[in-house]
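Undergrad: My questions will all concern the structure given below.
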Amino acid sequence: MTADSSFGNRADPCNLPNPNPNPAPPAGARRAVPGAAARAAGVLERDGRVALAGPWGAGKTTVLEDVLRTLPSGSGSGSGSGRTVLRVTTVEEDREHVFGALAQMLSHCGADQLAALSGRQNEVIDRILHRGADEPLAASEQLPARLAVTALLARGSWILAVDGAQWLDPASADVLGYALRTLAAPGLTAIVTERVHGRAQCAARLLGGHPAQVDVDPLDAEETATLLDAHGLPTRWAGPLQSHCGGHPLLTSVSCTALARLPASQRHRPAMAEQTVDAAGAWLHATLGEPARHTLMLAALTSRPSLPLLLRAGRSDAEEHLAQAQAAGVLRVDPASAVHFAAAALARAAARSGARPLRAAAHLTLARAVGDPVHEVRHRALAADLPDQGLAEDTESAAATAREAGERALAAELFLLAAEITPPARSAVRIRRLSYAAQEAACAGSVDIARQAADALTASRAEPTDQVTALLAVVDAHGQAISDLEPLLARCRELAAGHPDLLAAVELRAAIAANVAHAAPERALRAAGRAAELAAAGGHRPLQAAALTMRARMERVLGTADAPGTLAEALALGIPAQHSGIRNSAQYLAARHAVFDDRLAEARGRLVELLALAEHEGDAEDLVDIWRSLAEVDTRLGACATALAWADQAVRLSTGAGLSMGPAWYTAALTQSAAGSFAAALRTASCGARASQEEGDGLYVSRNLWVMGAVQLHTGDVADAVASLTAVAEAERHVPSADPGMFRWQPDAVEAFTCSGRLDLARDLLERARPVAGPAGADSGPGAALDRAHGILLARGGAAEEASGLLHRTAAAFERLGLPLEQARTLLSLGRVERARRRQAAARAAWEAARAVFDDTGARPWQELTRELLDRAGGSGPAPGPAPGAGRLTESESRLADLICQGATNQQAAQHMFISVKTVEGMLSRVYRKLGVRSRTQLAAARAAAAPGRDARTPPE
89 MTADSSFGNR ADPCNLPNPN PNPAPPAGAR RAVPGAAARA AGVLERDGRV
139 ALAGPWGAGK TTVLEDVLRT LPSGSGSGSG SGRTVLRVTT VEEDREHVFG
189 ALAQMLSHCG ADQLAALSGR QNEVIDRILH RGADEPLAAS EQLPARLAVT
239 ALLARGSWIL AVDGAQWLDP ASADVLGYAL RTLAAPGLTA IVTERVHGRA
289 QCAARLLGGH PAQVDVDPLD AEETATLLDA HGLPTRWAGP LQSHCGGHPL
339 LTSVSCTALA RLPASQRHRP AMAEQTVDAA GAWLHATLGE PARHTLMLAA
389 LTSRPSLPLL LRAGRSDAEE HLAQAQAAGV LRVDPASAVH FAAAALARAA
439 ARSGARPLRA AAHLTLARAV GDPVHEVRHR ALAADLPDQG LAEDTESAAA
489 TAREAGERAL AAELFLLAAE ITPPARSAVR IRRLSYAAQE AACAGSVDIA
539 RQAADALTAS RAEPTDQVTA LLAVVDAHGQ AISDLEPLLA RCRELAAGHP
589 DLLAAVELRA AIAANVAHAA PERALRAAGR AAELAAAGGH RPLQAAALTM
639 RARMERVLGT ADAPGTLAEA LALGIPAQHS GIRNSAQYLA ARHAVFDDRL
689 AEARGRLVEL LALAEHEGDA EDLVDIWRSL AEVDTRLGAC ATALAWADQA
739 VRLSTGAGLS MGPAWYTAAL TQSAAGSFAA ALRTASCGAR ASQEEGDGLY
789 VSRNLWVMGA VQLHTGDVAD AVASLTAVAE AERHVPSADP GMFRWQPDAV
839 EAFTCSGRLD LARDLLERAR PVAGPAGADS GPGAALDRAH GILLARGGAA
889 EEASGLLHRT AAAFERLGLP LEQARTLLSL GRVERARRRQ AAARAAWEAA
939 RAVFDDTGAR PWQELTRELL DRAGGSGPAP GPAPGAGRLT ESESRLADLI
989 CQGATNQQAA QHMFISVKTV EGMLSRVYRK LGVRSRTQLA AARAAAAPGR
1039 DARTPPE
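Numbering (the numbering used here), first residue to last: 89 to 1045.
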C-alpha cells in the first residue's frame, strides 16, 4: 500500500452492484504525525538513533516533542511500557558548565533507578549533581563518569532526547557519546536535535558513526495555507506569506499571529508584518556577528547580490560571512556565486540593520561596485534624500531600459523612484512617471507599487486618462482576486465618461470580473461586447482585439456557435500576442480552444510557441497560465511526469510572484490525481477551493471542488464525492448551455450519484448534459466520458450486458481520441462490470489492459488502484501455467503472446486487449526480452515447446 491507503476502499468506489462507499476507520487508529515528525519517528523505531537538523526557528523542538508523543514511552519516571525519557535541553551558555547537560539528564532518574548502582558509581553521580560534601566532578574525570552513566543506562529501557547538540558542554558530550557507542537500541534509544543548515556534525559525533538525519523542512504553500486557516485568515495569502517567510515555521507563525490581529477592514492583501521583520532580525542576531550582518546589509540592499559584487564593495571577508550565513540557513549561494535570501523578511531585516545614513552610504558604495548602468542609477536614486532633476531623468531612462528587457517589477520600482525625486515644479513629468509605474506594476503583479502610484496621481489631481490608467493597473495587479474591486471600476467609469477607449478598457475589466468573481458569463459577454464596440469607435485596435477575445471566451463558455467567428475576427486584427499580456491574447485563446476540443497535438504546438515568447517578453501570469495549460494537455496525453513538472513550476512561480493560488492549485491537483497521489491531489484541491472562495473566484472554486469530488470518488469516499460534486452542480446550474469541453465535471457527478444509489439524480444529470456533449457514441472526450458514466449507470440498473458493450465501445473511442488515461479508467469500470457478471477472466483481462496503459503513462495513483483490484482478483501475478523461462510474464504479457502466436497483428491484438498499438509494441518487446526470442516464429516455438498439450490456434478466453 502507498500513502494513499488511508482512503479506505480505494480500489472500488463503485463496487457494482452493491457498493460500500464508507468503510469505518479502525477503532483506536492513531493519528498520523505530519512531516518531519513522522519521518523521524519511523527512523527512530527502525534504527534507534536519529538526528534532527534545521536552522534557527525551524521547529526542531516541536518535532522532537511530537516524536516523543508518538512513541510508546513514558516520561520522567517511566510508564507502563518501561521506557523512561531522559530530556536534555541546552542554551548557548551551557557549553561553559562542566557536566551541566549530564546533570540535567540525571535529574530525571528516580531514586529506585539509582539504587541499583554501586556505592562508587553513586558517589560519581552525586558529584555530577553537586550533591553532598565532595567536590563536583572535574572535567578531567570523564572516565568514572563514563562508567557510572553507562552502568545506569545499561539497566532498563531509556529514550535520550537531546535538544541542542551544538551547545552540549564537552564533558557531557564525551560521556553521552561513550554510552551511546556502548549500549545499543532498543535499550538506549536517542533523538538529538542540532541547529544547523546541512549536515548535523555535533549530533553525528554524539550518536556515533553516520546516523540517519531528518531535516525539518520549510513549510510548503499548502502547509502555509493550513496555518493561515487555523488562524482564521484567508488561505489565498499563502503565496505572499511564502515569499515573506520562505516557509520558515517561526516566521510564518509570527506573521499569522500579527495578521490575525488586524481589523477586518485591513485584511485585503497581507503586507509584511513588522513583527515578522523583527523575528527575522532576531534570527540574524542569534546566528551571526556584527561584521557578517553588515555584509548581509549590503547584499540585501542590491537586487542582484553576489559574492563578487560584495568583494568589489569592499567586504574583503564576504566569502567567510556568506558561509556563516549559509550555515545558519539565512541564505544560499548558488554555483554562480549569486546570493539568495531564504525569506524576504530576512532580506528586509538585513537591509534595515543600519540607520538611514548608513544605508545611504551603502547604496553609494554599491552604485560604484555594481557595474550595471540600470542598477547603478537605482542605488543612486535610493541614496537620494532631495529632489534631483538630473538623477530623476537618469532613473526614468533606466526604468525604460528595464522595461525593454522584460524586468517589469524593476521598471515599476524605477519609474516610482523617478517620480519621487522629480522636482515639484515638473508636475506633468512626475504624473507621466507615476502612470508608467502603475502600468509596469500591473504587468508585474506588484499591487503595492500600483496602489502607491494611483494614490499619488489622485493626490496630484491628474487628468482622468492618467487616473483611470493607474486605477485599472491596480485592478490588473490583483489578478484573480477582484471580487471586491467593483467600487474601483465604478470610479473608473465616472472618470472615463466621454472617452470611448478608456470606457472600453473599463468594460473589459468588468467582463473579466463578471466571469471570474461572479460566475456570470452572460453579463461578462455583454460587457465584452460593449468593450469591443467602444474600442472600435475609439480606433484602439489592440483593445478591440482583447475585447473580442474575451467575447469569444464567453461565447465558448455559453456554448454558442459564434465563438470561432469572433476569435477569427480577433486574430485578423494582427495584434502581437505579447501586446496586452499573452494570457489575454487571441493566440492563447486559440490554443485553449484546441485543448477544449481535445486537439491536443495542435494545442501543445501552439502553447510551446507561446511559451518561448513568454519566456522573453511575458510576465509571471503569462508563464503560469501557459505552464498550467501544458500540464493539462500532457495529463490528457498520458505524459504524466512532464505534466507534474509543468504544474509544479506554475505553483512555485505563483507562490513567488504573489499571484492567486486557486488556479495553480487546481492544475496541480488535477495532475497529482493522474500522476502523483490521490492524497496530495485532495489536499491541494482543498487548499485551492478555500483560496478561490476567499478571493471570490467562483470559477476556480468549482474547478477545485470538481477535482476533490473526482478524487473522493476514485478513493471510495462516495458520500463526500457526492457532496463536492453537488456543490459544483449548484454553482453551474446558473450557466446555461455550458461547453462541456471546458469543464468536464458532469461524468464524474453522474458516476458519483450512481455509486451512492441516487439513480434518478444520475439519469437527470445525464439527460441534461447529453445535448451539449453530443449524442451517445460521438467521438469527443466529453461525450465518451458521459458514455462511461452511462455504462456504470446501466450496470447499476441491472443492464450489465448492455453496460459491458457500451464500455467496450467507449474504451475504443478514447483510444481513437488519444486519451490513454481515460481509456484505462474506462477499462477499470469495464472490469468491475464484468466481475459483477461473474466473468472473472474478462474482468482480469480488462484490469490487466488498464494496468499496461497506466504503467506506460506513469499514472502512479492509478497503477496502485489497479494493482489492488488485481490482487483481490488474484490476477496480478504471472499467468497460469507459464512456459519455462516465462514465469516472469504478467497475465497481459502472456495473453498478448498467445494472440501473436495465433497470428494476430499488432493492430488486432490492440483491439482485442483494448490498448493502443504503441502499448502492444512496448509489451511485445518485453515479452521477447523475457523469453530470449527475437521473432514471432521463435515466440510461437517457445510457447509450443513450453506447453505441448495446448493448441496454439485455440483462442484464449
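No residue lacks a Cβ here, since even glycine has one placed at the ideal position from N, Cα and C.
If I measure Cβ to Cβ from Glu643 and keep anything under 7 Å in the same chain, skipping five residues before and after, which residues do I get?
TA: Counting only Cβ-Cβ distances below 7 Å, and skipping sequence neighbours, we find Leu613, Asp650, Ala651, Thr654.
Undergrad: DSSP three-state label for Gln990, please.
TA: Reduced to three states, the DSSP call for Gln990 is coil.
Undergrad: Using the beta-carbon count (16 or more within 10 Å), is Ala368 buried or exposed?
TA: Under this definition Ala368 is a buried residue.
Undergrad: Does the pairing of the stretch 717-724 with the stretch 676-683 give three or more beta-carbon distances under 8 Å?
TA: Enough Cβ pairs lie closer than 8 Å, so yes.
Undergrad: Going by Cα to Cα distance, which pick from Ala242, Ala233, Gly275 is closest to Pro258?
TA: Of the listed residues, the one whose Cα sits closest to Pro258 is Ala233.
Undergrad: Closest by CA to Arg618, which one among Glu408, Ala607, Ala592, Ala602?
TA: Measuring from the Cα of Arg618, the nearest candidate turns out to be Ala592.
Undergrad: Helix, strand or coil: which one does DSSP assign to Trp246?
TA: Correct three-state label for Trp246: strand.
Undergrad: Going residue by residue through the stretch 642-682, where are the continuous alpha helix (DSSP H) segments of at least 4 residues, counting only ones entirely within it?
TA: You should have 651-660.
Undergrad: Can you find the residues in the same chain that come closer than 7 Å, C-beta to C-beta, to Gly188, ignoring five residues on each side of it along the sequence?
TA: Within the same chain, Gly188 has close Cβ partners Asp182, Asp257, Ser260.
Undergrad: Helix, strand or coil for Arg175? Go by DSSP, reduced to three states.
TA: Of the three classes helix, strand and coil, the one that applies to Arg175 here is strand, per DSSP.
Undergrad: Starting from Phe429, trace the beta strand (DSSP E) in both directions and tell me its first and last residue.
TA: Counting along the chain, the beta strand (DSSP E) containing Phe429 begins and ends at 427-429.
Undergrad: Work out the CA separation of Ala438 and Ala388 for me, nearest whole Å.
TA: Roughly 6 Å between the two C-alpha positions.
Undergrad: Quick check: Leu454 and Thr483, are their CB atoms within less than 8 Å of each other?
TA: No, the Cβ-Cβ distance between Leu454 and Thr483 is not below 8 Å.
Undergrad: Which ranges would you report for the beta strand (DSSP E) in the stretch 425-462 if only whole runs of at least 3 residues count?
TA: Correct list: 427-429.
Undergrad: Check whether the Cβ atoms of Ala708 and Gly494 sit closer than 8 Å, and answer yes or no.
TA: Going by C-beta atoms, Ala708 is not nearer than 8 Å to Gly494.
Undergrad: When you compare the stretch 827-845 with the stretch 865-882, are there three or more beta-carbon pairs, one atom per stretch, that lie closer than 8 Å?
TA: Verdict: yes, contact present.
Undergrad: Taking all protein chains shown into account, decide if Lys1006 is buried (16 or more other Cβ within 10 angstroms of its Cβ) or exposed.
TA: So Lys1006 counts as exposed.
Undergrad: Any chance you could list the beta strand (DSSP E) runs of at least 3 consecutive residues sitting entirely within the stretch 210-270, in chain order?
TA: You should have 245-251.
Undergrad: What did DSSP end up calling Leu142 once you bin it into helix, strand or coil?
TA: Sequence check: residue 142 is Gly here, not Leu. The answer is strand: DSSP assigns Gly142 an E or B state.
Undergrad: Are the CB atoms of Leu202 and Val304 nearer to each other than 8 Å?
TA: No, these two residues do not count as a Cβ contact at 8 Å.
Undergrad: With a threshold of 16 other CB atoms inside 10 Å of the CB of Asp808, please say whether the residue is buried or exposed.
TA: Classification of Asp808: buried, given that the 10 Å Cβ count is 16 or more.
Undergrad: Considering only residues of the same chain and omitting the five flanking positions on each side of Arg597, which have a CB-CB separation below 7 Å?
TA: Contacts found: Leu560, Val563, Leu577.
Undergrad: Kindly confirm or deny that the stretch 271-291 and the stretch 126-140 touch, where touching means at least three C-beta pairs closer than 8 Å.
TA: Flag = yes, the stretch 271-291 and the stretch 126-140 touch.
Undergrad: Within 10 Å of its beta-carbon, does Thr1025 have 16 or more other beta-carbons around it, so buried, or fewer, so exposed?
TA: Classification for Thr1025: exposed.
Undergrad: Candidates Ala779, Pro512, Ala735, Phe766: which alpha carbon is nearest Ala605's?
TA: Ranking the options by Cα distance to Ala605, first place goes to Ala779.
Undergrad: Quick one: what does DSSP say Leu419 is sitting in, helix, strand or coil?
TA: Strand at Leu419.
Undergrad: Let me make sure I understand the geometry here. Which of His566, Gln527, Val535 has the alpha-carbon closest to that of Asp554?
TA: Nearest C-alpha to Asp554: Gln527.
Undergrad: Counting pairs of Cβ atoms below 8 Å between the stretch 944-951 and the stretch 760-769, do you hit three or more?
TA: Segments in contact, yes.
Undergrad: Between which two residues does the alpha helix (DSSP H) containing Ile714 stretch?
TA: Run containing Ile714: 708-725, per the alpha helix (DSSP H) assignment.
Undergrad: Below 6 Å CB to CB, which residues in the same chain sit around Val739 once its five sequence neighbours on both sides are set aside?
TA: Counting only Cβ-Cβ distances below 6 Å, and skipping sequence neighbours, we find Ala752, Ala756.
Undergrad: For Leu701, tell me which candidate among Glu211, Ile216, Arg671, Val683 has the shortest Cα-Cα distance.
TA: Per the Cα distances, Arg671.
Undergrad: Taking the alpha-carbon positions, what's the Pro306 to Asp805 distance?
TA: About 31 Å.
Undergrad: Pull up the distance between the alpha-carbon of Gly975 and that of Gly1020, whole angstroms please.
TA: Below a pLDDT of 50, predicted positions are generally treated as unreliable, and Gly975, at 45, falls in that range; the measurement from the model is reported next regardless. Roughly 13 Å between the two C-alpha positions.
Undergrad: Whose CA, out of Leu376, Leu264, Val921, lies closest to the CA of Leu894?
TA: That would be Val921, whose Cα lies nearest to the Cα of Leu894.
Undergrad: Look at the alpha carbon of Leu1027 and the alpha carbon of Thr803, and state the distance between them as a whole number of angstroms.
TA: Whole-angstrom Cα-Cα distance: 40 Å.
Undergrad: Would you mind reading off the limits of the alpha helix (DSSP H) that contains Ala530?
TA: Taken as a continuous stretch (DSSP letters only), the alpha helix (DSSP H) holding Ala530 covers 515-532.
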